[in-house]
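Enquirer:
As structure tokens, this is what we get:
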């Protein structure tokens, strides 16, 4: 393992870039969209063809995420997954740069390099799906730079820096909702007596600086709201990104916390290098012999509160998906970096055996190798195109539009066919619950969660452009969760206006019959 005290800064930077490329190589060579990239790309492709998010292609993430995907796919082209993964690598490298600057600001240059290295290694921790260019990966870039500009404490251009930091934190929120909580510890930092002492400012200046940060945040939010309003989708954007995220359990339900405890242990086991280093930084950093936080007490509490905020952010939905923990990674990298930097450059000696130079390097190297193996196996198992995708590629024209009954948006991607309706995933029509043990429990009735007016909207979509193919993805399950027969309007259309063409591992493919479909005008209930 290359230590941060070797070579020039440019050589170290090159080594960091090469390490980031190595760690993400399984994603870079993957010919398929990875995990969350699939549904985001479905929406992005619809936007490239003039459709509107939340209105013509419904998903529940904030607008900046979809604008980002629209831009990347617009440059690289539809279904160009290698370009998307390359863009993801560039995004991570820019985040590593921000983390380097922040750790260097708080500690020293070597700590900055170690923090950046840690982020490149651990941002895709363990699970192959974490290599996706997901919302957490996207939001970490503006978060890292936003924290940097708040903690920079320069006396010149301070107002501009804080305004820009507020804009960046808002951008993070507009990429993934839990990022909003990261602004709170930074606002408290600006209001703290320690900050006023550092800036040699009176309390009024402290309030002014916190106000500028807030103004930056809400100015960015206002601009985006104005754009959404001009497009006529502001209300829909608010509903899908904020309102439609409830779960039918309380946060203290043992079902969710059992899952949360299990996933947290998986994260600790996979990212033990970071966790142990962070505990040491928080526990030992204030001791005189280490002095990590000497003269930086306000920053110590800011980083501690940011860690707490990140934990709250990943927990608040109660779902504990693996990629939610990516929100923790930047803060852990920054906190752990000075401990390992001091050990690896032999400036300090920690008696604990895990912090012996050779052991810590072996541990980190073994983690990198394990991640590479797990990521490679996971992605290779998902490289093959679906049977449905191959069939539609071979038997339908590129301009044909399809409708997938189910949650498998990857079938649109595999088939390289556009969605015929706004429901690129059918949860508004079925009441499907995200991230719950009840998601696939056929004994739990979710009809009360069906979006009011959803079936009327589906009818309008079908009248506007009848899909050439309907894929009953739900039929691929041993026990279908939402069999078409339970939905009379849809069942009548499939039965009378389509004919079964083939059954695959992904479900049943129905092809539209020639002629009109009178059932389109039937009542939806």
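In the working numbering, the protein residues as written are 1015 to 1539.
Just so you know, even glycine gets a beta-carbon here, dropped at the ideal spot from N, CA and C.
Computed from a predicted model, the values in this text were never measured in an experiment.
In whole angstroms, give me the CA-to-CA distance for residue 1239 and residue 1253.
Expert: Going from the Cα of residue 1239 to the Cα of residue 1253 covers about 13 angstroms.
Enquirer: Taking the runs of the alpha helix (DSSP H) that are 4 residues or longer, which of them lie wholly in the segment 1451-1523?
Expert: Within the segment 1451-1523, the complete alpha helix (DSSP H) runs of at least 4 residues are 1468-1478, 1502-1511.
Enquirer: Beta strand (DSSP E) containing residue 1416: first to last residue?
Expert: 1415-1419 is the extent of the beta strand (DSSP E) around residue 1416.
Enquirer: Indicate the three-state DSSP secondary structure (helix, strand or coil) for residue 1172 in the structure shown.
Expert: DSSP places residue 1172 in helix when its eight states are reduced to three.
Enquirer: Out of 1409, 1069, 1464, which one is the CA nearest neighbour of residue 1525?
Expert: Minimum Cα distance to residue 1525 is reached at 1409.
Enquirer: Can you check whether the CB of residue 1071 is closer than 7 angstroms to the CB of residue 1060?
Expert: Yes, the pair counts as a contact, with Cβ atoms nearer than the cut-off.
Enquirer: If you scan the segment 1354-1395 from start to end, which runs of the alpha helix (DSSP H) of 4 or more residues do you find wholly inside it?
Expert: Fully enclosed alpha helix (DSSP H) runs of 4 or longer: 1371-1394.
Enquirer: Check residue 1140 in the structure and name its three-state DSSP category.
Expert: Note: residue 1140 maps to coil in three-state DSSP.
Enquirer: Assign residue 1020 to buried or exposed, taking buried as 16 or more other Cβ atoms, counted over all protein chains shown, within 10 Å of its Cβ.
Expert: Confidence is the limiting factor: at residue 1020 the pLDDT is only 42, short of 50, which leaves the residue's position unreliable, though a coordinate-based value still follows. Flag for residue 1020 reads exposed.
Enquirer: DSSP three-state label for residue 1436, please.
Expert: Coil at residue 1436, not helix or strand.
Enquirer: Using the DSSP secondary-structure output, state which residues sit across from residue 1525 in a beta bridge.
Expert: DSSP output for residue 1525 lists 1483, 1513 as bridge partner(s).
Enquirer: Look up residue 1550 in the DSSP assignment and say whether it is helix, strand or coil.
Expert: For residue 1550 there is no data in the structure shown, the boundaries of the chain being 1015 and 1539.
Enquirer: Considering just the uninterrupted stretch of the alpha helix (DSSP H) at residue 1118, what are its terminal residues?
Expert: 1095-1120 is the extent of the alpha helix (DSSP H) around residue 1118.
Enquirer: Which residues bound the alpha helix (DSSP H) around residue 1310?
Expert: Neither: residue 1310 is in no alpha helix (DSSP H) and is coded neither H nor E.
Enquirer: Hey, quick one: how far does the alpha helix (DSSP H) through residue 1199 stretch, first residue to last?
Expert: Its alpha helix (DSSP H) spans residues 1197-1205.
Enquirer: Using the C-alpha atoms, what's the distance from residue 1362 back to residue 1058?
Expert: C-alpha separation (whole angstroms): 50 angstroms.
Enquirer: Suppose you measure from the CA of residue 1405 to the CA of residue 1431; what does that come to, to the nearest Å?
Expert: When rounded, the distance between both Cα atoms is 12 angstroms.
Enquirer: On the criterion of 16 or more Cβ atoms from any shown chain inside 10 Å, does residue 1144 qualify as buried, or is it exposed?
Expert: Buried, by the Cβ-count rule.
Enquirer: Using only the alpha-carbon positions, how far apart do residue 1244 and residue 1055 sit?
Expert: If I take the Cα positions, the gap works out to 24 angstroms.
Enquirer: Per DSSP, what kind of secondary structure is residue 1398 in: helix, strand or coil?
Expert: It is coil, neither helix nor strand.
Enquirer: Measure the C-alpha to C-alpha separation of residue 1018 and residue 1096 and round it to an integer number of angstroms.
Expert: Bear in mind that a pLDDT of 44 at residue 1018, under 50, signals an unreliable position, so the number given afterwards is only what the model happens to contain. Those two C-alpha atoms are separated by around 31 angstroms.
Enquirer: To the nearest angstrom, report how far apart residue 1472 and residue 1082 are at their CA atoms.
Expert: Distance between the alpha carbons of residue 1472 and residue 1082 is about 27 angstroms.
Enquirer: Along the chain, where does the alpha helix (DSSP H) containing residue 1339 start, and where does it finish?
Expert: Careful: residue 1339 lies outside any alpha helix (DSSP H) and carries neither H nor E.
Enquirer: Exposed or buried, which one is residue 1174 when buried takes at least 16 other CB atoms within 10 Å?
Expert: So residue 1174 ends up on the exposed side.
Enquirer: State the CB to CB distance for the pair residue 1340 and residue 1513, rounded to an integer number of angstroms; the pair is presumed to be in contact (CB under 8 angstroms).
Expert: Between residue 1513 and residue 1340 the Cβ distance is about 45 angstroms, and since that is not below 8 angstroms, they are no contact.
Enquirer: Indicate the three-state DSSP secondary structure (helix, strand or coil) for residue 1067 in the structure shown.
Expert: DSSP places residue 1067 in strand when its eight states are reduced to three.
Enquirer: Would you tell me roughly how many angstroms separate the C-alpha atoms of residue 1439 and residue 1392, rounded to the nearest one?
Expert: Roughly 24 angstroms between the two C-alpha positions.
Enquirer: Can you list, in chain order, the residues of its chain whose CB lies under 6 angstroms from that of residue 1510, leaving out five sequence neighbours each side?
Expert: Within the same chain, residue 1510 has close Cβ partners 1533.
Enquirer: Rounded to whole angstroms, what's the CA-CA distance from residue 1497 to residue 1397? Just pull it up for me.
Expert: One C-alpha to the other measures close to 29 angstroms.
Enquirer: Apart from the five residues just before and just after residue 1537, which ones in its own chain have a Cβ nearer than 8 angstroms to its Cβ?
Expert: Same-chain partners within the cutoff: 1503.
Enquirer: May I have a chain-ordered list of the alpha helix (DSSP H) segments no shorter than 4 residues that lie completely inside the segment 1230-1286?
Expert: Correct list: 1248-1252, 1268-1284.
Enquirer: Can you give me the C-alpha to C-alpha distance between residue 1117 and residue 1220, rounded to a whole angstrom?
Expert: Roughly 24 angstroms separates the two Cα atoms.
Enquirer: For the segment 1322-1342 and the segment 1088-1103, state whether three or more C-beta atom pairs, one from each stretch, are separated by less than 8 angstroms.
Expert: Result no; under three Cβ-Cβ pairs closer than 8 angstroms.
Enquirer: Out of curiosity, what's the CA-to-CA distance linking residue 1468 and residue 1064?
Expert: Each residue's Cα considered, the two are about 22 angstroms apart.
Enquirer: Decide if the segment 1123-1142 is in contact with the segment 1279-1286; the criterion is three or more beta carbon pairs, one per stretch, under 8 angstroms apart.
Expert: Contact holds: three or more Cβ-Cβ distances are below 8 angstroms.
Enquirer: Can at least three beta-carbon pairs, one atom from the segment 1108-1117 and one from the segment 1475-1486, be found at a separation below 8 angstroms?
Expert: They do not touch, by the three-pair rule.
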